[in-house]
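Note sheet for the following structure.
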Amino acid sequence: MDIGIDKLNFFTSDMYVDMGELAETRKEDPNKYLIGIGQKKQAVIPNSQDSVTLAANAAGKIVDDFERKNIDLILFGTESGVDSSKSAAVYLQGLLKINPQASGVELKQACFGLTAGIQLAMGHIMMNPNSRVLLVGSDIARYGINTPGEPTQGGGAVAMIMSAKPSILKINPGNAHLTKDIMDFWRPLYRKEALVDGKYSSREFIDFFDQTFNEYKERENLSTSDFDALIFHLPYTKMGLKALRIGLQGESKEVQQRLFDQFDASKQLNAEVGNLYTGSLYLSLISLLKKGKLKDNDLIGLFSYGSGAEGEFFTANTVPGFKSVLENLDISWLDNRRQVTVSEYEDIYKASLEFTDRNFLTGFKQDKSEFKFMGQTNQQRMYK
Ligand code: COA
828 MDIGIDKLNF
838 FTSDMYVDMG
848 ELAETRKEDP
858 NKYLIGIGQK
868 KQAVIPNSQD
878 SVTLAANAAG
888 KIVDDFERKN
898 IDLILFGTES
908 GVDSSKSAAV
918 YLQGLLKINP
928 QASGVELKQA
938 CFGLTAGIQL
948 AMGHIMMNPN
958 SRVLLVGSDI
968 ARYGINTPGE
978 PTQGGGAVAM
988 IMSAKPSILK
998 INPGNAHLTK
1008 DIMDFWRPLY
1018 RKEALVDGKY
1028 SSREFIDFFD
1038 QTFNEYKERE
1048 NLSTSDFDAL
1058 IFHLPYTKMG
1068 LKALRIGLQG
1078 ESKEVQQRLF
1088 DQFDASKQLN
1098 AEVGNLYTGS
1108 LYLSLISLLK
1118 KGKLKDNDLI
1128 GLFSYGSGAE
1138 GEFFTANTVP
1148 GFKSVLENLD
1158 ISWLDNRRQV
1168 TVSEYEDIYK
1178 ASLEFTDRNF
1188 LTGFKQDKSE
1198 FKFMGQTNQQ
1208 RMYK
């Protein structure tokens, strides 16, 4: 049975800060951010958006009445959840009015959560061939103003529906997986901003890729030249480029050119949005599908990494006719986002909320998104 992605969408806020301008304000050479880190714009997320509303805004466009009736599982990957007990999947079920027979859970392992969901969905659909599973990866990446991690912030959500007989991507069974208990990036419960040892994380990322990629090729009897594209979790686009350079060592010029060109297409949207944490690999997938040179049945290798750390390499093939299905996936709105100044971005950042027991309202009245976080009353979150 073919199982994979039948529908796909993503969402981020309608505001961004320009990375060249941010670099100048931080007294850095703009090329450090634009080339050295590889980011052009960074999504600025207002306090009227949280991981639940970002997910609802991404999923709302692919959940129609048919899906509302037929989705039987909601898998919500996030590392910026809003409650230690109630899962974001249940909030999402309520906001999107998905039938109450569907079950839902939240999955956490840093940026790996959505990939874990994909593997769970594969098994679930295998046992329930009529199933339709809604998956989201939704996060806000915060490191703090004027920190080394600042140019690698961002936020947004990717939503997908997985099913048997998918129309976009067939996910192949099998993967190569690695888990190692390390402290490269983490966020203790009392912190809003992540702690990161960026250089160490980057070395581990490359090592995890190298090991899982080689393990996968050996298990499946594949060579690097069999791949039509290799894509990565992209906390910042230079990270994927560094890993790809290692992966392509010793390959012919033609193979290197082809895979570097496809990677270039796969990083375009990430360079415009920034880090999505759980959604980053899948934003890169959308970028590749929309901007790359893919044909029907092409083989894509996907590397997922969640600090702490888990890494997984798996593959998927494009489904014949995927290009016409993807015409429904509109990304043109990204060009119409509003640029905010660095000082506006800092004000919006500072207005992001601590977890507190008091009542408050967010700036939801200025937010034009379909789903908004309004604030809190009697320690309960209110959504619109
Ligand atoms: N022109 C072009 N490139 C430049 C440059 C310039 N003027 N100035 C610096 N650079 C390059 C550096 O050579 C470096 O490239 P390299 O990594 O290929 O060597 C890159 O820009 C970054 O410079 P660096 O001095 O290493 O930056 P930094 O110490 O400020 O840290 C990160 C950068 C990415 C490590 C930091 O932003 C970070 O920790 N981010 C969080 C990463 C993360 O989320 N990890 C966990 C999830 S996987």
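For what it's worth, the working numbering labels the leading residue of the sequence shown as 828, then goes sequentially.
By construction, the Cβ of each residue, glycine as well, lies at the ideal position given by its N, Cα and C atoms.
Please classify Ser1052 as buried or exposed, where buried requires at least 16 neighbouring CB atoms within 10 angstroms.
Start at 1 with the first residue of the sequence shown, and residue 1052 comes out as number 225. It is exposed - the Cβ of Ser1052 has fewer than 16 other Cβ atoms within 10 Å.
Spatially closest choice to Ile945 from Lys854, Arg1164 and Ile998, by CA coordinates:
Residue mapping note: residue 945 aligns to position 118 of the sequence shown, counting from 1. When each option's Cα is compared against that of Ile945, the closest is Ile998.
Any heavy atom of ligand 1 closer than 7 Å to the CB of Ser1111?
Here the question's residue 1111 lines up with position 284 in the sequence shown. Ser1111 Cβ: outside cutoff for every heavy atom of ligand 1.
Measuring only from the beta carbon, is Val1146 closer than 7 Å to any heavy atom that is part of ligand 1?
Numbered from its first residue, the sequence shown carries residue 1146 at position 319. Result no, Cβ not under 7 Å from ligand 1.
State the start and end residues of the unbroken alpha helix (DSSP H) segment that holds Thr880.
Residue mapping note: residue 880 aligns to position 53 of the sequence shown, counting from 1. Element bounds for Thr880: Ser878 to Ala886.
Contact test: Asp856 Cβ vs ligand 1 heavy atom, cutoff 7 Å
Locating residue 856 in the sequence shown gives position 29, counting from the first residue. Under cutoff, so the answer is yes.
Please report the residue range of the alpha helix (DSSP H) in which Leu1086 lies.
For the purposes of this step, residue 1086 is identified with residue 259 of the sequence shown, where counting begins at 1. Looking at the DSSP string, the run of the alpha helix (DSSP H) that includes Leu1086 is Lys1080 to Val1100.
Nearest CA to the CA of Met949: which residue from Leu1116, Ile898 and Ser990?
Indexing the sequence shown from 1 puts residue 949 at position 122. The shortest Cα separation from Met949 among Leu1116, Ile898 and Ser990 belongs to Ser990.
CA-to-CA distance, Pro1015 to Pro978, given in whole angstroms
Residue 978 sits at position 151 when you count from the first residue of the sequence shown. Residue 1015 sits at position 188 when you count from the first residue of the sequence shown. Whole-angstrom Cα-Cα distance: 21 Å.
Applying the criterion that 16 or more other CB atoms from any shown protein chain within 10 Å of the CB defines a buried residue, is Arg1165 buried or exposed?
The residue you call residue 1165 lines up with position 338 of the sequence shown. Arg1165 comes out exposed.
By the three-class DSSP mapping on this structure, what secondary structure does Ile832 have?
By 1-based counting over the sequence shown, the position of residue 832 is 5. Strand at Ile832.
What are the uninterrupted segments assigned as beta strand (DSSP E) that are 3 or more residues long and contained completely in the segment 888 to 957, given in chain order?
898 to 904 and 930 to 934
Return the first residue and the last residue of the beta strand (DSSP E) that Gln1166 is part of.
Taking the sequence shown and counting its residues from 1, the one referred to as residue 1166 is at position 339. Its beta strand (DSSP E) spans residues Arg1165 to Val1167.
For Asn897, collect the residues of the same chain with a Cβ closer than 7 Å to its Cβ; drop the 5 residues on either side in sequence, then sort them by chain order.
In the sequence shown, the residue the question calls residue 897 occupies position 70. Hits under 7 Å: Arg959.
The segment 1180 to 1187 in contact with the segment 843 to 853 per 3-pair CB rule at 8 Å:
no
Pick out whichever of Ile830, Arg1085 and Lys867 has its Cα sitting closest to the Cα of Asp845.
Numbered from its first residue, the sequence shown carries residue 845 at position 18. For Asp845, the nearest C-alpha among the options comes from Lys867.
Does the Cβ of Met1066 have 16 or more other Cβ atoms within 10 Å, making it buried, or fewer, making it exposed?
Within the sequence shown, residue 1066 is the residue found at index 239, counting from 1. The residue in question, Met1066, is buried, as its Cβ has 16 or more Cβ neighbours within 10 Å.
Exposed or buried, Gly1148, counting other C-beta atoms within 10 Å across all chains shown (16 or more means buried)?
Counting from one through the sequence shown, the residue named residue 1148 turns up at place 321. Burial call: exposed.
Restricting to Cα atoms, I'd like to know which of Asn1144, Leu881, Ile1033 and Asp892 is closest to Tyr918.
Taking the first residue of the sequence shown as position 1, residue 918 is located at position 91. Checked all of Asn1144, Leu881, Ile1033 and Asp892; the closest Cα to Tyr918 is Leu881.
Cβ-heavy atom distance, Ile864 to ligand 1, below 7 Å:
For the purposes of this step, residue 864 is taken as residue 37 along the sequence shown, with counting starting at 1. Result yes, Cβ under 7 Å from ligand 1.
May I ask you to report which of helix, strand or coil DSSP gives Gly847?
For the purposes of this step, residue 847 is taken as residue 20 along the sequence shown, with counting starting at 1. If DSSP states are grouped into helix, strand and coil, Gly847 belongs with the helices.
Let me check you understand the geometry: is the CB of Glu1011 closer than 7 Å to at least one non-hydrogen atom of ligand 1?
If you number the sequence shown from 1, residue 1011 lands on position 184. Inspection of the sequence shows that residue 1011 is occupied by Asp rather than by Glu. Result yes, Cβ under 7 Å from ligand 1.
Beta-carbon proximity of Ala1070 to Leu1115, cut-off 8 Å
Along the sequence shown, read from residue 1 onward, the residue named residue 1070 stands at position 243. Along the sequence shown, read from residue 1 onward, the residue named residue 1115 stands at position 288. Not in contact: Ala1070 and Leu1115 (Cβ atoms no closer than 8 Å).
Beta-carbon gap between Glu1139 and Thr905 smaller than 8 Å
By 1-based counting over the sequence shown, the position of residue 1139 is 312. By 1-based counting over the sequence shown, the position of residue 905 is 78. No, the Cβ-Cβ distance between Glu1139 and Thr905 is not below 8 Å.
Report the partner residues of Asp1024 according to the DSSP bridge assignment.
As a position in the sequence shown, residue 1024 is number 197, starting the count at 1. Answer is none; Asp1024 lacks a bridge partner.
Contact test: Thr979 Cβ vs ligand 1 heavy atom, cutoff 7 Å
The residue you call residue 979 lines up with position 152 of the sequence shown. Answer for Thr979: yes, Cβ within range of ligand 1.
Identify every run of the beta strand (DSSP E) within the segment 1012 to 1059, keeping only runs that are complete inside it and at least 3 residues long; order them along the chain.
1056 to 1059
Distance, Cα to Cα, Pro1000 vs Leu900?
Walking along the sequence shown from the start, residue 1000 turns up at place 173. Walking along the sequence shown from the start, residue 900 turns up at place 73. Computed Cα separation, rounded: 20 Å.
Short of 8 Å in beta carbon distance, which residues of its chain neighbour Gly1135, apart from the five on each side in sequence? Order them along the chain.
Locating residue 1135 in the sequence shown gives position 308, where the first residue counts as 1. Correct list, in chain order: Gln936, Ala937, Asp1008, Ile1009, Met1010, Asp1011, Phe1012 and Trp1013.
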